[in-house]
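Chemist: Shown below is the structure under consideration.
Protein chains: 6
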Amino acid sequence: MGKLVTFGELMLRLEAPGRLRISQARSYDAVYGGGEANVAVSAANYGMEADFVTKLPENPVADAAIAELRGLGVGTSHIARGGARMGIYFVEHGASQRASSVIYDRAHSSISEAEAADFDWDLIFDGAERFHFTGITPALSPACASICEDACRAAKARGVIVSCDLNYRKKLWSTEEAGRVMSRLMKYVDICIANEEDADKVFGIRADDTDVKTGTISDEGYRQVCRRLTERFGFSTVAVTLRESVNADVNNWSAMMYRGGEFYKSKKYEIHIVDRVGGGDSFSGGLIYADHAGMEPQAALEFAVAASCLKHTIVGDYNRVTKKEVEALASGDGSGRVSR
Amino acid sequence: MGKLVTFGELMLRLEAPGRLRISQARSYDAVYGGGEANVAVSAANYGMEADFVTKLPENPVADAAIAELRGLGVGTSHIARGGARMGIYFVEHGASQRASSVIYDRAHSSISEAEAADFDWDLIFDGAERFHFTGITPALSPACASICEDACRAAKARGVIVSCDLNYRKKLWSTEEAGRVMSRLMKYVDICIANEEDADKVFGIRADDTDVKTGTISDEGYRQVCRRLTERFGFSTVAVTLRESVNADVNNWSAMMYRGGEFYKSKKYEIHIVDRVGGGDSFSGGLIYADHAGMEPQAALEFAVAASCLKHTIVGDYNRVTKKEVEALASGDGSGRVSR
Amino acid sequence: MGKLVTFGELMLRLEAPGRLRISQARSYDAVYGGGEANVAVSAANYGMEADFVTKLPENPVADAAIAELRGLGVGTSHIARGGARMGIYFVEHGASQRASSVIYDRAHSSISEAEAADFDWDLIFDGAERFHFTGITPALSPACASICEDACRAAKARGVIVSCDLNYRKKLWSTEEAGRVMSRLMKYVDICIANEEDADKVFGIRADDTDVKTGTISDEGYRQVCRRLTERFGFSTVAVTLRESVNADVNNWSAMMYRGGEFYKSKKYEIHIVDRVGGGDSFSGGLIYADHAGMEPQAALEFAVAASCLKHTIVGDYNRVTKKEVEALASGDGSGRVSR
Amino acid sequence: MGKLVTFGELMLRLEAPGRLRISQARSYDAVYGGGEANVAVSAANYGMEADFVTKLPENPVADAAIAELRGLGVGTSHIARGGARMGIYFVEHGASQRASSVIYDRAHSSISEAEAADFDWDLIFDGAERFHFTGITPALSPACASICEDACRAAKARGVIVSCDLNYRKKLWSTEEAGRVMSRLMKYVDICIANEEDADKVFGIRADDTDVKTGTISDEGYRQVCRRLTERFGFSTVAVTLRESVNADVNNWSAMMYRGGEFYKSKKYEIHIVDRVGGGDSFSGGLIYADHAGMEPQAALEFAVAASCLKHTIVGDYNRVTKKEVEALASGDGSGRVSR
Amino acid sequence: MGKLVTFGELMLRLEAPGRLRISQARSYDAVYGGGEANVAVSAANYGMEADFVTKLPENPVADAAIAELRGLGVGTSHIARGGARMGIYFVEHGASQRASSVIYDRAHSSISEAEAADFDWDLIFDGAERFHFTGITPALSPACASICEDACRAAKARGVIVSCDLNYRKKLWSTEEAGRVMSRLMKYVDICIANEEDADKVFGIRADDTDVKTGTISDEGYRQVCRRLTERFGFSTVAVTLRESVNADVNNWSAMMYRGGEFYKSKKYEIHIVDRVGGGDSFSGGLIYADHAGMEPQAALEFAVAASCLKHTIVGDYNRVTKKEVEALASGDGSGRVSR
Amino acid sequence: MGKLVTFGELMLRLEAPGRLRISQARSYDAVYGGGEANVAVSAANYGMEADFVTKLPENPVADAAIAELRGLGVGTSHIARGGARMGIYFVEHGASQRASSVIYDRAHSSISEAEAADFDWDLIFDGAERFHFTGITPALSPACASICEDACRAAKARGVIVSCDLNYRKKLWSTEEAGRVMSRLMKYVDICIANEEDADKVFGIRADDTDVKTGTISDEGYRQVCRRLTERFGFSTVAVTLRESVNADVNNWSAMMYRGGEFYKSKKYEIHIVDRVGGGDSFSGGLIYADHAGMEPQAALEFAVAASCLKHTIVGDYNRVTKKEVEALASGDGSGRVSR
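Taken in order, these protein sequences are the chains called A, B, C, D, E and F. By this note's numbering, the letter at position 314 of the first sequence is numbered 314, and the numbering carries on one by one without gaps. Every number in this note's numbering is 340 more than the matching position in the second sequence, counting from 1. Every number in this note's numbering is 680 more than the matching position in the third sequence, counting from 1. Every number in this note's numbering is 1020 more than the matching position in the fourth sequence, counting from 1. Every number in this note's numbering is 1360 more than the matching position in the fifth sequence, counting from 1. Every number in this note's numbering is 1700 more than the matching position in the sixth sequence, counting from 1.
Structure, rendered in structure tokens:
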């Protein structure tokens, strides 16, 4: 089975312990993660060969991040080293009516200041069958957008299947910039993954019947969005994750998928959240694996949603679950009975 | 905007970590708090000038308590120093059907043995527009009751608006003593804050239709209580917090208010509790601020309830939230979505 | 009041902190426990004299386990010392849809390699009125099964009431072995305790209308099981605990009992779980105490269920609650209000 | 071998973690201890039967303290329960040139307000051969001094050997009060233990050649002190511990003893300190055990000094070492080689 | 007594816990500090009014840093808010032969991108008698150098005494840049503080007899350096701290001072280090206070050295010691005896 | 450069936190290590390709151990999976005169019950230039001894250089067994590493002038031992580590080496110990690397000793230091100055 390559930023997450506010923190829990690294870890956990590509500074903080990825079975040999710093973000874990909050300190990171010459895509894609990136990577800098395009072009030239999670981040770019850059990249993309806001924010694609006040969309609305995305960009697959935020502790989670003119809808899980960071990425990772493994669309979607349901119970960005655990949940056992 | 003065005891809270019982604790988490200090912190967080008055011993434990308050923007220059000790209480955090429990070790504290000469109320009230105390302060000792009366008298003489949270504590005094002393103080009070039991315990005022078995009271019952309190003591405002304890982890929380012959009722929040100590105080702090800022009664009540809802998600006695956060919740966003 | 003797294995539980997976653990929380020790601690907490009998190696890990038991009021003077090691198990605490999981490392423990000569049952039962063991003990080794039988025989010879929690563990023996050995022991047993699976797995006794697909059993089904157990083995009492696993964080918990031809059914509690290990043992401990104290069947059952409900809120195997706390819950206060 | 009875206060020690100052502490490590309890634990560790007598309030903090003692093998059945509170002290661990510091909050403790009727000395001394107290106990209150005298009188009446560690604490009483009360008690004492200051502070007994400026005393000076103590009170044995404080991390530690007209001097240890609280008590505990076990004076002194040397490496007040470990050090192995 | 103003960067220090390497860290202890803030805290601790001036972003991390300073009694009302980020540095605590190491991530901090208009020096110096900065501040950016000069000029215009710790940092600028900028600033400086390398690195001033191989300098050599600094820049006082690094755990620490043509040399302390960050700043803080309080040169020097000796035993950048504690050490008590 | 293969046991080390005794531990710090894995990590850190071979059970504890090794750059693809358990040992960290102590629980581990068929040495040694094992591996079981011999034979057949650290462990086998088995293996060994006791315990080789009482050996004595080892077994190199245990916190550390008829002696380091486990292995790892890199004997010995000196400052078994750090120490910088 050919390998998966992902490309993006790897950050240091500093999180106030327990339910403390950042203003109360005397220490921070430190984990590493980032959309594309998270997807690579998911794939590696399920037994797929996976390579993560980024640029990181030459210091022990970055060394530790790389060692953890390598320990988790992700290939790290194409990570460029150099530049000034590793992106950081501070997290405060919400509770009940208090939302989690995030302070980004990612400007001037090594990857955001990387250059085309840092990556030899022909070498990187040797043996690859899949390439994945998110909308965060091209948003980091014009150079990153351009490198993303290099990667996409090289991928398509080799017949590598390209997936992209739109992942719009308003702190990184405007909707206009996002629309312009992402539209250019979409022509290389086979599988498009989005949440309920991304298609609107990035491409101005929304359902006719979107309730302006509440933002709620009907199932039919989501189908419209999927069809319109497919019409505009020619995706083979569009997948949409659906998060209902009851409060900071409880979310409902499901997804739908549009492929070959058919719509698929997953089970919905009520999740008591341990750590929701990386929830979307674990869906992408599950879907890429399931598709790669040749699962039928409905089964692939259920695998991806079950995988991301479990991610919400795992500390840290990476979805440290096995294929067997995902399959058990997808096939129905969510009772939480002790496995002795 | 004139400042708020609050007067009461500041204690060291020693809490068994996590869900451990006190009998299992090998360490205690240490925070500082007390009803009136909590109110002062709330007000300071919303941008009001606030001064907290108490008496504390001259030792590093008390120094740390004062430094924290000063760091949070509360004026501490009128805190008297001296006496034997700081009051302590041990807390064991409940879970599910197991209630939290508290062991008080507050006798002989510096404030409970304070004398009138420790406080110069004319100096303290310089520039003040509000004064707040709770029913705990006069319960500490006859001298404290008398000092409270001094403070109330000085406040009224300067036109300072006085608020009081009845806060009946059966470990500190009998209902008879409480009734006698508190009745004497009520003549200075403009805004009376209470929970469902206080009016009954302290003044023997209860609704006609109180269900003797379950203690539940109808809305009309609460209105009666408010009216009777107002009739007896001439309060301008009576506010009542309504806690429904589902279990030790989940409470419903709302409030009502009676002012100018009108009743106001707030939204009700289902709260997954992080730390409920200081919940009532954060209501008082929110109400005092909102009233001081000139909000309409319904808006003020919603602000106070939202503030105290958020307090239940904060570790420690102090309500470390901003005005903006309270307003966001009061105006409807309790979904707990990540604020990136 | 005569004392309770329990006999079984005492293990070291190593648990990944918080919600970390074992693969993420850099430290383990260490507690001690085991079915029969847990029952002894429960009884001691309620004021009953209790002795725990086992064999443990001579090293400081075992010393600490014994010192904790002694501190909790359990007699430890009949614990044999020697052999190679203390059984260990690693626990990973589940969350939401992710189940808790357990890795056993208990082979070759001192108790599993104990010999008959390690225990002088005449001496041990001096002053005893009750003897309790679980189906785990005879499963440890043929010698343990034989020692169990020695103990049962000695108990019956002295008129000691014998209780047994069937507690089938598939990692320790097959259903065939279990059936053979346990049937031999049942003739000494007065009070049989089981969960919904045990009677089926150990004795092949199941309700006629068990739903093959979902495993759900009707109330009438449980009654059948109780009657059949009683018919086959002549128990004076059969008690069955009923756990409904909503997810890894929330379980419903109740029990039923069959005695003197009458069926009793308890209240059902919705529990937000802190630590479910030892939940069944706390039921046994509560039932033994309540029966010993002469409570009526319904009251005894409610005491046992309330006790085990509270256990789910306690960290560690041992049910660190007082008789007063159990009685308060059994008689209706599960609101989790702060006890000040 | 008959048992040891000790009588005194048991306190909760709250210690700022690591090398943090109290003003920086956000949690406190909690241990229990007190001079006489520490001695009882030492004796129990070496295999002597030991009973600790005190009065403690009825709350879970005190329950935990008692459970720990019982777990360590100390008899706790004569501990009176009741009164208001358990004494507390806060500790800040020094480092290098910064001394450790202590804040006492022990006034109004249950033991300091105990009455004669709380203790039935005839019952308590049943089976006893030794009684030990320190100068702290009679300093707690006049009632405590009187109860101490009751105990001494009852002890002597039964032929129990009485030992006392003078342990002068200037925060509890003046040198005058100490001199008056302790002189009265000394007539019952057989073995007197002191450090370099106690004899001077309590009885005004000092060496002729004490260097007024530095407080250093020659060996001959110590001999004089021992002889004068013996002459005045008729002790059978006087033992003096000698601490040289290099800095907060390093102390030298040795002792001398005067018995039957002979002087004995121990080895001196250079100690890298982990926790020096209870260092003196572990000397008393070692000496009482060694004497009771019939060791020769020099051997007994070496045992006591080695025991207390080891105590300085143990976290908490209690000297958690075995007789074998003490003997190994006393007989020469202080190299700290790993014992595999 | 007029106030002290200090100006510089305030950073977040993230430190691997205990003796872990950064590559092993799963969490970081978080403290705040920076040369000039450290000096302000020292002064405030000794009772001097002190104001710290910097620029910090508007986020909760910076809020917490400011709250802590305010809690410690430092004025924070002139801190400009805005800009992108707070400087961060990662620390790994060395041990024995392994040196501590530091990773700086301070580029693009708010202060380094501050502009002249952020600070109104006339307002800031209202009531000031002292101004202090270190060589780090002008090294942050050309704008910072220029703002420093503005501050110095405004200070001199009001007769404020200016002190500067040269503090050369090779990661921030070259020796050439440092020499050029610092020479320009020196004309405003009255009191120059340096360590053994600074004068050489910044101004090329070194002793004639410096041993080229080992870098050791004789006392006479230091005197030469002091004289040459004074001759070139006309300082009223030059103070030099002398650190001898035995290993990462033990340092010897002393200082000398040149004033009015006289040389003063302090005692030397052998320090077992808890945290050496801020050691030099605590010397500056002590010297400024002592000078301001009118101590004689030798006494002032001893106060400053004792203060900085104690700092090495304190966790975090800030020297949390009282004047009384410094005086006790300066006057001779470094024995580390427990202060009860 | 060809790779290094090491073969042995990988264990879980459970260590009581800080300076707590095992009997006080409520949690254990968990690290992984073992003589041969430690050597592989050292080599990988210095840039050598390294493969570690063992057998481990299929569970998440072992998964985590393998992931960590892989993260550190050690090849893990030849680790056999299966068997019952991972060996465990409990550690209590000593202090001052109290020695560290260890409780082994390693019997029945997967590696000790491994069979020849678990390892395909021809495959494993593909590309290898070095093979290393310690005397612990053949001591685990007769099968392990036999597998070791298989490995040695395969290594020699391919011209792989074999090194062995004698590492006698009396808990695993008698001196007689050790002598018999190890003598058989020595014929394959090129480089023999030992401490002062091993040659005597395993082969009965000791210096003529060994002081019977103190065990001290002169330099000439060590030379004799080296010569006799070389004469008997034909080693190309014999290296001896020399540990002087001042106390549990401070050790002196040096080594000597005999090669080609010449003796080499290293510098001696006084080490303040953080964690001494793995100290000897870090010497072996340093020596193998240095020799492989072609350093001269004296330089290689200094590299190995400096590497192991640094190991004593690192938490955990693995020597997490870089080649550059070792070289800096070997070439003289042990001052512990902060590296900024």
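Glycine included, C-beta positions come from ideal geometry on N, C-alpha and C.
Return the residues of the stretch 810 to 825 of chain C that lie within a Cβ-Cβ distance of less than 9 Å from chain F, sorted by chain order.
Modeler: Taken residue by residue, none of the stretch 810 to 825 of chain C has a beta-carbon sitting less than 9 Å from a beta-carbon on chain F.
Chemist: Quick one: is leucine 1429 of chain E near chain D, going by C-beta distance under 7 Å?
Modeler: Within the fifth sequence, the letter at position 69 stands for residue 1429 of chain E. No, leucine 1429 of chain E lies away from the interface with chain D (no Cβ there is under 7 Å from its Cβ).
Chemist: Determine the direct distance from the alpha carbon of threonine 474 of chain B to that of alanine 1397 of chain E, and round the result to whole angstroms.
Modeler: Within the fifth sequence, residue 1397 of chain E is the residue found at index 37, counting from 1. Within the second sequence, residue 474 of chain B is the residue found at index 134, counting from 1. Cα-Cα distance, rounded: 38 Å.
Chemist: Please report the distance separating the alpha-carbon of cysteine 1848 of chain F from that of glycine 774 of chain C.
Modeler: Working through the sixth sequence from its first residue, we reach residue 1848 of chain F at position 148. Working through the third sequence from its first residue, we reach residue 774 of chain C at position 94. Roughly 41 Å separates the two Cα atoms.
Chemist: Output needed for serine 1898 of chain F: all residues of its chain with C-beta closer than 6 Å, excluding positions within five of it in sequence on either side, in chain order.
Modeler: Locating residue 1898 of chain F in the sixth sequence gives position 198, counting from the first residue. Per the sequence shown, the amino acid found at residue 1898 of chain F is aspartate instead of serine. Leaving aside the five residues that flank aspartate 1898 of chain F on each side, the residues in its chain whose CB is nearer than 6 Å to its CB run, in chain order, Leu1866, Tyr1868.
Chemist: Between lysine 323 of chain A and glycine 279 of chain A, how many whole angstroms is the CB-CB distance? I'm expecting something under 8 Å.
Modeler: Counting from one through the first sequence, the residue named residue 323 of chain A turns up at place 323. Counting from one through the first sequence, the residue named residue 279 of chain A turns up at place 279. Contact doesn't hold; Cβ gap of about 18 Å is too wide.
Chemist: Under 7 Å, Cβ to Cβ, is there at least one residue of chain C near aspartate 1975 of chain F?
Modeler: The residue given as residue 1975 of chain F occupies position 275 in the sixth sequence. For aspartate 1975 of chain F, the answer is no, since every Cβ of chain C falls outside 7 Å of its Cβ.
Chemist: From which residue to which residue does the beta strand (DSSP E) around glycine 375 of chain B run?
Modeler: Within the second sequence, the letter at position 35 stands for residue 375 of chain B. Taken as a continuous stretch (DSSP letters only), glycine 375 of chain B belongs to no beta strand (DSSP E), being part of the alpha helix (DSSP H) at 375 to 385.
Chemist: Tell me the rounded alpha-carbon separation between histidine 612 of chain B and phenylalanine 963 of chain C.
Modeler: In the second sequence, residue 612 of chain B corresponds to position 272, counting from 1. In the third sequence, residue 963 of chain C corresponds to position 283, counting from 1. Using only the alpha carbons, I get a separation of about 28 Å.
Chemist: Output needed in chain order: residues of the stretch 2 to 28 of chain A with a Cβ under 8 Å from some Cβ in chain B.
Modeler: Gly18, Arg19, Leu20, Arg21, Ser23, Gln24
Chemist: Determine, using beta carbons only, whether isoleucine 1674 of chain E comes closer than 7 Å to chain A.
Modeler: Mapped onto the fifth sequence, residue 1674 of chain E falls at position 314. Taking Cβ atoms only, chain A never reaches closer than 7 Å to isoleucine 1674 of chain E, which makes this a no.
Chemist: Please give the ranges of any beta strand (DSSP E) in the stretch 601 to 649 of chain B, keeping only runs that are unbroken, at least 3 residues long and fully inside the region.
Modeler: Contiguous beta strand (DSSP E) elements confined to the stretch 601 to 649 of chain B occur at 602 to 605, 609 to 612, taking only those with 3 or more residues.
Chemist: What are the residues of the stretch 400 to 427 of chain B that lie near chain D, defined by any Cβ-Cβ distance shorter than 9 Å?
Modeler: From the stretch 400 to 427 of chain B, only Pro400, Val401, Asp403, Ala404, Ala407, Ala424, Arg425, Met426 have a Cβ closer than 9 Å to chain D.
Chemist: Pick helix, strand or coil for tyrosine 562 of chain B, following the three-state DSSP scheme.
Modeler: For the purposes of this step, residue 562 of chain B is taken as the residue at position 222 of the second sequence. Residue state, collapsed to three classes: helix.
Chemist: Do leucine 967 of chain C and alanine 919 of chain C come within 7 Å of each other at the CB atom, strictly closer than that value?
Modeler: Taking the first residue of the third sequence as position 1, residue 919 of chain C is located at position 239. Taking the first residue of the third sequence as position 1, residue 967 of chain C is located at position 287. Closer than 7 Å, so yes.
Chemist: Counting only Cβ pairs nearer than 7 Å, list the residues of chain A close to alanine 775 of chain C.
Modeler: What you label residue 775 of chain C is simply residue 95 of the third sequence in a count that begins at 1. Within chain A, the residues near alanine 775 of chain C are His272, Val274, Thr313.
Chemist: What does isoleucine 1465 of chain E touch in chain A if you count any residue whose Cβ is under 7 Å from its own?
Modeler: The residue given as residue 1465 of chain E occupies position 105 in the fifth sequence. Correcting the residue type first, residue 1465 of chain E is aspartate in the shown sequence and not isoleucine. Those are Arg85, listed as they occur along chain A.
Chemist: Leaving out the 5 sequence neighbours to the left and right, which residues in its chain are closer than 7 Å to lysine 1786 of chain E when beta-carbon positions are compared?
Modeler: Absent from the structure is residue 1786 of chain E, since the part of chain E shown begins at 1361 and ends at 1700.
Chemist: Please say whether tyrosine 1728 of chain F and leucine 1714 of chain F have beta carbons closer to each other than 7 Å?
Modeler: Mapped onto the sixth sequence, residue 1714 of chain F falls at position 14. Mapped onto the sixth sequence, residue 1728 of chain F falls at position 28. Between leucine 1714 of chain F and tyrosine 1728 of chain F, the gap from beta carbon to beta carbon is short of 7 Å.
Chemist: Using CA atoms only, rank isn't needed, just tell me which of A:Pro60, A:Ala40, A:Ile22 is closest to arginine 2020 of chain F.
Modeler: Counting from 1 along the sixth sequence, the entry for residue 2020 of chain F is found at position 320. Comparing Cα positions, the closest option is A:Pro60.
Chemist: I want to verify the contact list: residues of chain E whose CB lies under 7 Å from the CB of arginine 2053 of chain F, in sequence order.
Modeler: It is not possible to answer for residue 2053 of chain F, since the shown part of chain F is limited to 1701 through 2040.
Chemist: Quick one: what's got a C-beta closer than 7 Å to glutamate 746 of chain B's C-beta in the same chain, skipping five residues either side?
Modeler: Chain B is shown only over 341 to 680; residue 746 of chain B falls outside these bounds and no answer can be derived.
Chemist: Please look up how many angstroms separate the CB atoms of serine 1691 of chain E and valine 1665 of chain E, rounded, as I've assumed it's under 8 Å.
Modeler: Taking the first residue of the fifth sequence as 1, we reach residue 1691 of chain E at position 331. Taking the first residue of the fifth sequence as 1, we reach residue 1665 of chain E at position 305. Contact doesn't hold; Cβ gap of about 12 Å is too wide.
Chemist: Phenylalanine 770 of chain C: which of C:Gly713, C:Ser826, C:Ile816, C:Asn725 sits nearest, CA to CA?
Modeler: Reading the third sequence from its first residue, position 90 is the one you call residue 770 of chain C. Comparing Cα-Cα distances from phenylalanine 770 of chain C to each of C:Gly713, C:Ser826, C:Ile816, C:Asn725, the minimum goes to C:Gly713.
Chemist: Just the C-alpha distance for glutamine 1724 of chain F and alanine 744 of chain C, rounded to the nearest angstrom, thanks.
Modeler: Taking the sixth sequence and counting its residues from 1, one reaches residue 1724 of chain F at position 24. Taking the third sequence and counting its residues from 1, one reaches residue 744 of chain C at position 64. Each residue's Cα considered, the two are about 7 Å apart.
Chemist: Note down, in chain order, every chain B residue with its Cβ under 8 Å from the Cβ of leucine 990 of chain C.
Modeler: As a first step, residue 990 of chain C must be located in the third sequence, where it is residue number 310. Neighbours of leucine 990 of chain C on chain B, chain order: Gln437, Arg438.
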